[in-house]
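Numbering (the UniProt record's numbering), first residue to last: 1 to 293.
For each residue, glycine too, the CB sits at the ideal point set by N, CA and C.
Note that this is a predicted model, so its numbers are computed, not measured.
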Amino acid sequence: MPSFEVKHDSRLSRGISRARAYAAARPKRHFVGAFAVLLGVVILLLPSPYVIEMPGPTQDVLGKVEDGAVIDITGTGVTTYKDSGKLLLTTVNASGVPGYPIINAQAVWGWANPQVEVMPREATVPVGQSADQYQKKVEQDMAGSQDSASAVGLAHAKAHADELGIDARALQHAKVTMHVDSIGGPSAGMMYTLGLIDKLTPANESGGKTIAGTGTIDKDGKVGRIGGIALKMLGAKRDGATWFLAPASNCSDVAGRVPDGLRDVKVATLDEAYQALVAIGKGQADDLPHCEA
């Protein structure tokens, strides 16, 4: 009987010890797991050092906005014409730039979304740039783009007045005003210029088609490289475009990334862009050059 009692007490003690050890260890493991989850949530909610970009809205430069026509041309003797199609300028929506902060959770979402590009902020804006400075730069770029488009477009129309059916004398006093809603940057220059020429000519250049594009324009009529072109092509396709005019200097970003149902056309100058527009409108665009890898 005593031996039994000693044996029984020994087993019981070991069981109690194990139970106490398990009970002591379990809350620690749970605490570590809960802390890791909490830490992860906190990190996701912290301000992110990244910028996320996605396809932005498009704007028909032949259309209207709240302030009136996107491209308004006035002057004694100046005649403008309607086109049955659309010429879409394309944009990118950017978050994480000065004045538009994001959190890490949004950056993680961007990495998982094939229609979003994520990049370090310093790769897109100068370090230390304030929200006011950023906004001023965007607005200055847009104003410069419109001024260049107006000057180059009018010069092109005057130089080719006879073949385009334009009264060159009336253009001497033409005044061009451009209106856009919440769009900034320099990359709409080429499309503004094409829209201006289109409105001055009696020809229906687009042939009723929806044609999108992007690219800067300089005083010599050269079409320049821009950023975010893959996202802009997605926005163009989303909004019904079947053709996309792309700067030749962007071809490395275009080749292999053109959405199904959208045909890119490589252009390096305003003359090439306008001739491409005319060819597309006439249904003679099959042989137009496109970007290749």
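Would you tell me roughly how many angstroms separate the C-alpha atoms of residue i and residue j, rounded to the nearest one?
| i | j | result |
| --- | --- | --- |
| A143 | T193 | 13 Å |
| H173 | A161 | 15 Å |
| Q106 | D264 | 31 Å |
| D239 | P55 | 11 Å |
| G165 | A273 | 19 Å |
| A293 | G256 | 7 Å |
| P57 | K232 | 9 Å |
| F31 | L39 | 12 Å |
| G207 | V61 | 16 Å |
| residue 296 | K158 | What the structure shows of the chain is the stretch from 1 to 293, and residue 296 is not part of that stretch, so it cannot be assessed. |
| A149 | G85 | 20 Å |
| N93 | P101 | 13 Å |
| L245 | D271 | 12 Å |
| residue 321 | E163 | Absent from the structure is residue 321, since the part of the chain shown begins at 1 and ends at 293. |
| V152 | T216 | 12 Å |
| D167 | M191 | 22 Å |
Suppose contacts are defined by Cβ-Cβ distances below 8 Å. Is residue i in contact with residue j by that definition?
| i | j | result |
| --- | --- | --- |
| T269 | K222 | yes |
| T214 | I197 | no |
| G184 | L87 | no |
| V70 | G63 | yes |
| K175 | G68 | no |
| P120 | P47 | no |
| E205 | G283 | no |
| V37 | H179 | no |
Grab the span of the beta strand (DSSP E) containing residue i for me, first residue to last.
| i | result |
| --- | --- |
| I226 | Neither: I226 is in no beta strand (DSSP E) and is coded neither H nor E. |
| S95 | V92 to S95 |
| D264 | R263 to V267 |
| L245 | W243 to P247 |
| residue 295 | Lying outside 1 to 293, the shown extent of the chain, residue 295 is not represented and no answer is given. |
| E117 | E117 to P120 |
| M74 | The identity of residue 74 in the sequence shown is Thr, whereas the question assumes Met. Run containing T74: I71 to T74, per the beta strand (DSSP E) assignment. |
Along the chain, where does the alpha helix (DSSP H) that runs through residue i open and close?
| i | result |
| --- | --- |
| Q151 | Per the sequence shown, the amino acid found at residue 151 is Ala instead of Gln. It spans A131 to A159 - the alpha helix (DSSP H) in which A151 sits, taken as one unbroken run. |
| V278 | L270 to K282 |
| Y50 | Careful: Y50 lies outside any alpha helix (DSSP H), inside the beta strand (DSSP E) at Y50 to P55. |
| T193 | G189 to L200 |
| D253 | C251 to V254 |
| A105 | N104 to A112 |
Report back the beta-carbon spacing between residue i and residue j to the nearest angstrom; my notes put them in contact at under 8 Å.
| i | j | result |
| --- | --- | --- |
| residue 350 | C291 | The chain is shown from 1 up to 293; residue 350 falls before or after that span and cannot be answered. |
| L234 | Q115 | 6 Å |
| L44 | V108 | 7 Å |
| V127 | Y134 | About 12 Å; that fails the 8 Å criterion. |
Which residues in the same chain as residue i place their Cβ atom closer than 7 Å to its Cβ, once the five residues preceding and following it in sequence are excluded?
| i | result |
| --- | --- |
| residue 375 | Here the chain covers residues 1 to 293 and nothing more, so residue 375 does not appear. |
| A131 | P98 and G99 |
| P202 | Y81 and G165 |
| E139 | G184 |
Could you pull out every residue in the same chain whose Cβ sits closer than 6 Å to the Cβ of residue i, ignoring the five residues on either side in sequence?
| i | result |
| --- | --- |
| A188 | L89 and S145 |
| T80 | I73 and K199 |
Excluding the 5 residues preceding and the 5 following residue i in the sequence, name in chain order all residues of the same chain whose CB lies nearer than 8 Å to its CB.
| i | result |
| --- | --- |
| E117 | I52, E53, M54, G110, G228, A230 and L231 |
| D141 | G184, G185 and P186 |
| T242 | K209, T210, I211, G261, L262 and R263 |
Is residue i close to chain C? Criterion is C-beta to C-beta, closer than 8 Å.
| i | result |
| --- | --- |
| P202 | In summary, chain C is missing from the structure at hand, where a single protein chain is found. |
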